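Novice: Number 848 marks the last residue of the sequence shown (our numbering); no jumps.
Glycine included, every Cβ here is placed at the ideal spot set by N, Cα and C.
Bear in mind the structure is a predicted one, so any value in this text is a computation, not a measurement.
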Amino acid sequence: MAPAGVDAFPAQAAAETFAAGYSNIANKYIDSVPIGDLAMEGMRGLGVIDPALTVRLADGQVVLAAGDGDVARFPAPADDDASAWAALTVDVSRAGRRVSGDLRQASVEQIYEAVFDGVLSRLDPYSRYAGRDEAGRNRANRDGFTGIGIRFQVKDNQVRITEVMEETPAEVAGLTPGDRITHVDGAATTGMSSADVTERLRGLLETPISVTVARDGAESPLTFAMMRAHIVPTSVTAAFEDGLLTLAVHRFNRATADVAARKIAAARRLNGNALAGIILDLRDNPGGLLKQGIRLADLFVSQGEILKTQGRHPDSMQYYEAEDGDITGGLPLVVMVDGRSASAAEIAAAALQDRGRAIVIGTTSFGKGTVQTVVRLPNDGEFTLTWSRFVMPSGYLLHELGVHPTVCTSGTSAQGADPLKPLMAAREEAAGILVAWRTVAFADGARRQELRATCPAERRAEPGDLDVARHLLKDRPLYARLLELANPVATAAAIR
C-alpha cells in the first residue's frame, strides 16, 4: 500500500490531540511551564523521525528548516494559547511531510510519539507518553482485562505458558506452567506472534473459549473449555512458615489491597493463635496505583494520617487517613524494602514506619516520591504526568530521599545462626539518621544524598534478609525496642 500523502494527515484529530496534551500539561504538571515552550520542544521532536528537520523561534516566528534551508515560517501564538499552538504543531507537521520522505512515511501515531516525547523530555523522568496500543496494555495492567488468566512466551514457534494466575478460568480448568498452546478455538498457533495469541485469548466477558495444549508426559493433546472472565494480574503471593506469614507484594494494581486482606484473613482462619507475625515483602516492587499503597498501609493501622500530597493543581492536594482499623489485631509487622522499592511501595513502608506500626529492614528505597496522574487523550493514547509530591506522616518529602530502614542490611550477607547480631551495633546511629531524615530540607539536595549514602540502595534478593525479619519477629523484646527507636514521637523528643 502506498504511504499516506500530506492531505491524508488527519489535521483536525491531530489538533484536538495536541491541544488536549498541551493544556493538560499546563494545568496539571507539578511546576508551571509555558505552553509555548512545551510546543516548541514538541515540534523539535519531529527531528527524531527526520534529523534533517529543525524548528526554531526567530523574531516572533516559528521557522521550520530542512538541512540548510528554511521550509516555512509561521507566526508564534500567545504563550498560553493551547489551541493555537496545537494548530501550529499540525501546520509544521504537514509542512515537514511535504519535504521529508521519512516524515511522510510516518504514521500519525509515530508523529504523536515524536512530539509528545519531545514535550515531556524536558519535564522529569516519570512523565511520559504512551501511544494507543501501549496505553491499552497499561490500562489492562492497572484495571485488568478479559481473558483466561495466563502469561505466556512465544519462542521457537511455540507458545509456552509461563504463569497461571490464581482464581482464574485457566487455573480452574487445569492449565499449568509449561503447557504449550497449540490451538485456540481450533485455530493453530503456529506462526502466531505474541499479539496474535493475546488477541485470540481475550474477548468479551463470559464468552466461551477452548485452548488445546501439548503437555510433557501426556500421550495426546489436551483441550480445556472455559469462559473468559475479568482478570486482574496477580500482585500478592503468600507463604506461611513457623508461625509467620510472608506477603510478597510484587506491584500495586486495583486488587492488591483486597488480595492482601484475603490472604491475611485466610492465614488467621487457618492458623489461629499460631500466627505470630507478618512480613510484608516490598522488595523489587516498582509501585503502581497510589491508592492501593495507601489501602495496603491502612490494613495495619487503626487511626491517624497515612499520607499527604502537595502539588499545583487543586485536585493534587490530598490528605489520607486510616479508615478501616487494623485487620491483624496488632500482630508484629516487619516491612522489607530495597533499592527497587518505589512509589506506592515506599508510601506503604514509610507510613507504617512513621505510624510506629512496623520495623523496616533492608536498604534505602528508590526515592520516587512524586505522584503521577494518567490523562487519556483523544487518540486513546495517554500521558503519565507528574503532578504532586508525597509528604509522609512525620513531615518529610519522600522524593529523591526514599525510606530509611530501621535495620540496614546494605553490604551485608545477614546470614548465620543470629543474622541480627552484626546489624545491632548500628542501631543507635540509625536513630540519629532517622532524626536527620525526617528534618532535612527538600531543597538541600546534597544533604539528602549524604543521608541516602548511610544505607546505600541495593537490590536485595537475598534470603538472609528474610532471616533477619524472622529473627526480629521472634525476639519480642528486641522488636519492641527497635519499634520505639523508629517512632516519630521519639524522633521529635530527640530534636528537642
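Any beta carbon from chain C within less than 8 Å of residue 591's own beta carbon?
Specialist: Although the question refers to chain C, the structure presented lacks it and comprises just one protein chain.
Novice: Provide the residue(s) that pair with residue 564 in DSSP beta bridges, ordered along the chain.
Specialist: The residue you call residue 564 lines up with position 212 of the sequence shown. Note: residue 564 sits in a beta bridge opposite 535, 575.
Novice: Note down the Cα distance separating residue 444 from residue 736, rounded to an integer number of angstroms.
Specialist: The sequence position of residue 444 within the sequence shown is 92, counting from 1. The sequence position of residue 736 within the sequence shown is 384, counting from 1. Rounded to the nearest angstrom, the gap between the Cα atoms of residue 444 and residue 736 is 25 Å.
Novice: On the DSSP bridge assignment, give the partners of residue 497 in chain order.
Specialist: Locating residue 497 in the sequence shown gives position 145, where the first residue counts as 1. Beta-bridge pairing links residue 497 to 583.
Novice: Report the option in 556, 656, 475, 691 whose CA atom is closest to the CA atom of residue 635.
Specialist: Here the question's residue 635 lines up with position 283 in the sequence shown. Of 556, 656, 475, 691, the residue nearest in Cα terms is 691.
Novice: Can you round the beta-carbon distance between residue 556 and residue 580 to whole angstroms, since I take them to be within the 8 Å contact cut?
Specialist: Start at 1 with the first residue of the sequence shown, and residue 556 comes out as number 204. Start at 1 with the first residue of the sequence shown, and residue 580 comes out as number 228. 7 Å between Cβ atoms; contact.
Novice: Can you tell me whether residue 768 is buried or exposed? The criterion is at least 16 other CB atoms within 10 Å of its CB, across all chains shown.
Specialist: The residue you call residue 768 lines up with position 416 of the sequence shown. Legend: pLDDT at residue 768 = 49, less than 50; position of this residue unreliable, no value from coordinates given.
Novice: Taking DSSP's pairing of strands, which residues face residue 478 in a bridge?
Specialist: Taking the sequence shown and counting its residues from 1, the one referred to as residue 478 is at position 126. Per DSSP, none; premise fails for residue 478.
Novice: Provide the residue span of the beta strand (DSSP E) that contains residue 427, from first to last.
Specialist: As a position in the sequence shown, residue 427 is number 75, starting the count at 1. Unbroken beta strand (DSSP E) run through residue 427: 421-427.
Novice: Just the C-alpha distance for residue 414 and residue 542, rounded to the nearest angstrom, thanks.
Specialist: Locating residue 414 in the sequence shown gives position 62, counting from the first residue. Locating residue 542 in the sequence shown gives position 190, counting from the first residue. If you take the alpha carbons of residue 414 and residue 542, they lie about 52 Å apart.
Novice: Taking the alpha carbon of residue 608 as the point to measure from, which residue in 645, 593, 373 has its own alpha carbon closest?
Specialist: Locating residue 608 in the sequence shown gives position 256, counting from the first residue. Considering only alpha carbons, the answer is 645.
Novice: Can you give the beta carbon distance from residue 405 to residue 416, rounded, assuming they're within the 8 Å contact cut?
Specialist: By 1-based counting over the sequence shown, the position of residue 405 is 53. By 1-based counting over the sequence shown, the position of residue 416 is 64. Contact between residue 405 and residue 416 holds, since their C-beta atoms are separated by about 7 Å, short of 8 Å.
Novice: How long is the line joining the alpha carbons of residue 685 and residue 632, rounded to whole angstroms?
Specialist: Within the sequence shown, numbered from 1, the residue matching residue 685 stands at position 333. Within the sequence shown, numbered from 1, the residue matching residue 632 stands at position 280. Each residue's Cα considered, the two are about 7 Å apart.
Novice: Tell me the DSSP secondary structure of residue 813 in three-state form.
Specialist: Here residue 813 corresponds to residue number 461 of the sequence shown, with the count starting at 1. Here residue 813 sits in coil by DSSP.
Novice: Among 392, 411, 425, 518, whose alpha-carbon lies nearest the alpha-carbon of residue 474?
Specialist: Locating residue 474 in the sequence shown gives position 122, where the first residue counts as 1. Of 392, 411, 425, 518, the residue nearest in Cα terms is 392.
Novice: Excluding the 5 residues preceding and the 5 following residue 454 in the sequence, name in chain order all residues of the same chain whose CB lies nearer than 8 Å to its CB.
Specialist: Residue mapping note: residue 454 aligns to position 102 of the sequence shown, counting from 1. Contacts found: 401, 402.
Novice: Does residue 720 come out as helix, strand or coil in the three-state DSSP assignment?
Specialist: Working through the sequence shown from its first residue, we reach residue 720 at position 368. DSSP places residue 720 in coil when its eight states are reduced to three.
Novice: Per DSSP, residue 740 is paired with what?
Specialist: For the purposes of this step, residue 740 is taken as residue 388 along the sequence shown, with counting starting at 1. According to DSSP, residue 740 bridges with 663, 723.
Novice: Beta carbon of residue 586, beta carbon of residue 600: below 8 Å?
Specialist: As a working mapping, residue 586 is identified with position 234 in the sequence shown. As a working mapping, residue 600 is identified with position 248 in the sequence shown. No, Cβ-Cβ distance for residue 586 and residue 600 is not below 8 Å.
Novice: Taking only the alpha-carbon atoms, compute the straight-line gap between residue 655 and residue 464 and give it to the nearest angstrom.
Specialist: Here the question's residue 655 lines up with position 303 in the sequence shown. Here the question's residue 464 lines up with position 112 in the sequence shown. Cα to Cα, the separation comes out at about 46 Å.
Novice: Can you tell me whether residue 432 is helix, strand or coil according to DSSP?
Specialist: Within the sequence shown, numbered from 1, the residue matching residue 432 stands at position 80. DSSP places residue 432 in coil when its eight states are reduced to three.
Novice: Taking the continuous alpha helix (DSSP H) assigned at residue 468, which residues delimit it?
Specialist: Position 116 of the sequence shown, counted from the start, is the residue given in the question as residue 468. Counting along the chain, the alpha helix (DSSP H) containing residue 468 begins and ends at 460-472.
Novice: For a test of the three-state rule: what should DSSP assign to residue 768, helix, strand or coil?
Specialist: The residue you call residue 768 lines up with position 416 of the sequence shown. Below a pLDDT of 50, predicted positions are generally treated as unreliable, and residue 768, at 49, falls in that range; the measurement from the model is reported next regardless. Of the three classes helix, strand and coil, the one that applies to residue 768 here is coil, per DSSP.
Novice: Let me know if residue 795 comes out buried or exposed under the rule of 16 or more other beta-carbons within 10 Å of its beta-carbon.
Specialist: The sequence position of residue 795 within the sequence shown is 443, counting from 1. By the 10 Å Cβ count, residue 795 comes out exposed.
Novice: Less than 8 Å between the C-beta atoms of residue 461 and residue 483, yes or no?
Specialist: Start at 1 with the first residue of the sequence shown, and residue 461 comes out as number 109. Start at 1 with the first residue of the sequence shown, and residue 483 comes out as number 131. For residue 461 and residue 483, yes; Cβs fall inside 8 Å.
Novice: Using beta-carbon positions only, say whether residue 791 and residue 382 come within less than 8 Å of one another.
Specialist: As a position in the sequence shown, residue 791 is number 439, starting the count at 1. As a position in the sequence shown, residue 382 is number 30, starting the count at 1. Not a contact, by the Cβ cut-off of 8 Å.
Novice: Excluding sequence positions up to five away, which residues of its chain have a Cβ less than 7 Å from the Cβ of residue 835?
Specialist: Within the sequence shown, residue 835 is the residue found at index 483, counting from 1. Taken in chain order, the residues that qualify are 708, 711.
Novice: Using the C-alpha atoms, what's the distance from residue 438 back to residue 377?
Specialist: Counting from one through the sequence shown, the residue named residue 377 turns up at place 25. Counting from one through the sequence shown, the residue named residue 438 turns up at place 86. Going by the C-alpha atoms only, they are around 13 Å apart.
Novice: In the structure shown, what three-state DSSP assignment does residue 441 receive?
Specialist: Counted from its first residue, the sequence shown places residue 441 at position 89. It is helical.
Novice: With DSSP as the reference, identify every bridge partner of residue 589, one or two as the case may be.
Specialist: The residue given as residue 589 occupies position 237 in the sequence shown. The secondary-structure analysis by DSSP pairs residue 589 across a beta bridge with 600.
Novice: Going by DSSP, what residues sit across from residue 413 in a beta bridge?
Specialist: The sequence position of residue 413 within the sequence shown is 61, counting from 1. Answer by DSSP bridge pairing, in chain order: 410, 427.
Novice: Output needed for residue 786: all residues of its chain with C-beta closer than 8 Å, excluding positions within five of it in sequence on either side, in chain order.
Specialist: As a first step, residue 786 must be located in the sequence shown, where it is residue number 434. So the list reads 756, 758, 837, 838, 843, once near-sequence residues are dropped.
Novice: Report whether the distance from the Cβ of residue 703 to the nearest heavy atom of the ligand ADP is below 7 Å.
Specialist: As presented, the structure is devoid of all ligands, the ligand ADP included, so that no description of it is given.
Novice: Taking Cβ to Cβ, would you say residue 432 is nearer than 8 Å to residue 387?
Specialist: As a first step, residue 432 must be located in the sequence shown, where it is residue number 80. As a first step, residue 387 must be located in the sequence shown, where it is residue number 35. Contact flag set, yes.
Novice: Determine the DSSP secondary structure at residue 418, reduced to helix, strand or coil.
Specialist: Here residue 418 refers to the residue found at position 66 of the sequence shown. Note: residue 418 maps to strand in three-state DSSP.
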